[in-house]
Amino acid sequence: VYLRGLLGVIAEDGELAASLRNRAGLLSVNLWNDRSPDDREILRACNGLRHAIMAELNMEPGDWDLLEVPGQDGTGERLSLPIYLYLEDIRSPFNVGAIFRSAEALGVREIFLSPDTASPLHRRAERSSMGTIDLVPWQTVPLEELTLPCFALELGGVDSGEFPFPRDGRESCALIGSEELGLSPLALEMAEDSLGRVSLPMRGRKGSLNVSVATGILLHDWAKGLS
């Protein structure tokens with residue numbers, strides 16, 4: 007009802023372009039039909055109208071959810087692999103949430119966070135995680151208390167296509183560093199004394215990736231052959 011009323015206001019606003027008013031009017035008519043408000047076609051039409059309104063107002067596209075961020079989906083237990091992550095000083099809640107989303111999809115057993123890492127409970131982390139913060143176990147742990155065999159995701163290491171990821175059932179942990187500073191000297195020392203350092207092959211001039219993207223690629227490579 008609210009959406010139909012809003013579309014009616016747009017359709018009758020004489021200060022807007024005629025094409026935009028007509029578009030809102032047609033969408034309002036469609037919403038009066040016997041269709042579910044969750045119909046994907048209507049949602050896409052609303053999204054298209056959003057872009058048209060923003061263009062009319064000379065605004066750049068931005069976040070605007072059509073649907074509530076989903077929580078736990080499906081039934082049964084998720085597949086848990088002997089894969090752990092340690093996030094050291096990740097400052098962006100968006101990146102923390104995105105890492106959780108990739109971790110849930112690729113079977114990470116648990117995520118450890120340094121005390122300086124952004125909280126997964128931050129509203130921006132919850133948004134980008136798409137509900138996976140409730141699915142992947144996590145806890146805050148000082149780096150000095152990490153006891154699992156570990157390796158570092160950092161420049162100057164073995165290519166991820168050749169790195170000997172533990173695939174014999176042993177639990178092990180990937181150390182993921184700050185967006186700006188990378189891993190601390192202590193984290194790198196711990197990795198060198200344990201399983202070493204892995205790097206993603208870069209072919210561009212920039213030579214780096216967003217930390218959540220890099221973590222997703224690492225997890226994809228690591229999870230191959232594990233079940």
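Final position of the sequence shown in this note's numbering is 233; the numbers increase by one with none missing.
C-beta atoms are modelled at their ideal positions from N, C-alpha and C, and glycine is treated no differently.
{"Query": "Cutoff 8 Å; reference L93; Cβ partners in own chain excluding five residues on either side", "Result": "V102, I105, I117, F118, L119, S120, T123 and I182"}
{"Query": "Segment limits, alpha helix (DSSP H) that includes T138", "Result": "No alpha helix (DSSP H) holds T138; DSSP gives it neither H nor E."}
{"Query": "Proximity below 8 Å, CB of S178 to CB of P155", "Result": "yes"}
{"Query": "Inter-residue spacing [alpha-carbon to alpha-carbon] between V35 and R133", "Result": "32 Å"}
{"Query": "Cβ-based burial, G213 [other Cβ within 10 Å; buried from 16]", "Result": "exposed"}
{"Query": "The segment 20–37 / the segment 56–64 touching (three or more Cβ pairs under 8 Å)", "Result": "yes"}
{"Query": "N- and C-terminal bounds of the beta strand (DSSP E) containing T146", "Result": "W144 to T146"}
{"Query": "N- and C-terminal bounds of the alpha helix (DSSP H) containing S86", "Result": "It is not in any alpha helix (DSSP H) - S86 carries neither H nor E in the DSSP assignment."}
{"Query": "Test item: CB-CB of S135 and R107 under 8 Å", "Result": "yes"}
{"Query": "Continuous alpha helix (DSSP H) assignments of at least 4 residues falling wholly in the segment 116–204", "Result": "129–135 and 191–198"}
{"Query": "Those residues which DSSP pairs with Y92 across a bridge", "Result": "F118 and L181"}
{"Query": "Distance between beta carbons of R173 and L232, contact taken as under 8 Å", "Result": "6 Å"}
{"Query": "Through-space distance from E83 to A158, alpha-carbon basis", "Result": "29 Å"}
{"Query": "Cα-Cα separation, A220 to C52", "Result": "33 Å"}
{"Query": "Identity of the residue in L215, H128, D199 and M196 nearest S205 by Cα", "Result": "L215"}
{"Query": "Beta-carbon separation (whole angstroms), R203 vs V164, contact threshold 8 Å", "Result": "7 Å"}
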